[in-house]
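Read through the structure below, which is laid out as C-alpha cells, and then see the notes.
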Amino acid sequence: MIVVEKVEKNIDRVSFDKLLHFNALVADKISIELSRLFEVPNAKVIIDLEGIKYIDSSGFGCFLTAMKSARNNYGKLKICNIDPEVLAVFNTLQLNSVLDLHKDLKSCLDSF
Numbered sequence: 775m776i777v778v779e780k781v782e783k784n785i786d787r788v789s790f791d792k793l794l795h796f797n798a799l800v801a802d803k804i805s806i807e808l809s810r811l812f813e814v815p816n817a818k819v820i821i822d823l824e825g826i827k828y829i830d831s832s833g834f835g836c837f838l839t840a841m842k843s844a845r846n847n848y849g850k851l852k853i854c855n856i857d858p859e860v861l862a863v864f865n866t867l868q869l870n871s872v873l874d875l876h877k878d879l880k881s882c883l884d885s886f
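Numbering (the working numbering), first residue to last: 775 to 886.
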C-alpha cells in the first residue's frame, strides 16, 4: 500500500500502490509511517498522490499531522501529483495556503 523510496538529494518519496481512496481505513497506518520518517531531523519528504482519486477528512488530517511532525523536527513536507478534483478540495479547505503543493514530482524536487 505505502511505498517509501529515496530520490535525489536524500529526499524520501512516499507513494501509494493500488490505493484510490485515502480515507479512515488507511490514514492511521500512513500517519504512523510519515511520523517515523520525520523522526530524523531535517527530513525531506514528498507525498506523491498519483492515483489517489478521493481523500476524506481523516486523510487531510493525516497531512496536517505530518506537517506538524515535519516542522517540529526542522523537516520539510511537500505534496505532488494531486488529482484535479482532490486539488479542488485542498483549495476549498484552504490547505493550499498551509501545505506545500506541487503539480508534479519534478517541480516538487526542484523546490527543495
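A virtual CB, placed ideally from N, CA and C, is assigned to each residue, including glycine.
Contact under 8 Å by Cβ, residue i with residue j
i, j, result
"Asp822", "Asn855", "yes"
"Ile826", "Lys852", "no"
"Leu811", "Val800", "no"
"Ala817", "Asn847", "yes"
"Ala798", "Ser832", "yes"
"Ile829", "Val872", "no"
"Leu808", "Ala840", "yes"
"Phe796", "Lys850", "no"
"Phe834", "Leu875", "no"
Supposed contact pair residue j and residue i - C-beta distance, whole angstroms, cut 8 Å
i, j, result
"Ile776", "Ile804", "6 Å"
"Val778", "Val788", "5 Å"
Beta-ladder partner(s) of residue i, from DSSP
i, result
"Ser789", "Val777"
"Phe864", "Phe864 is not bridged to any residue."
"Asp874", "Lys852"
"Phe796", "Ile829"
Mind pulling the alpha helix (DSSP H) runs of 4 or more residues that sit fully within the stretch 798–853?
-> Here the runs fully enclosed are 798–811 and 831–846.
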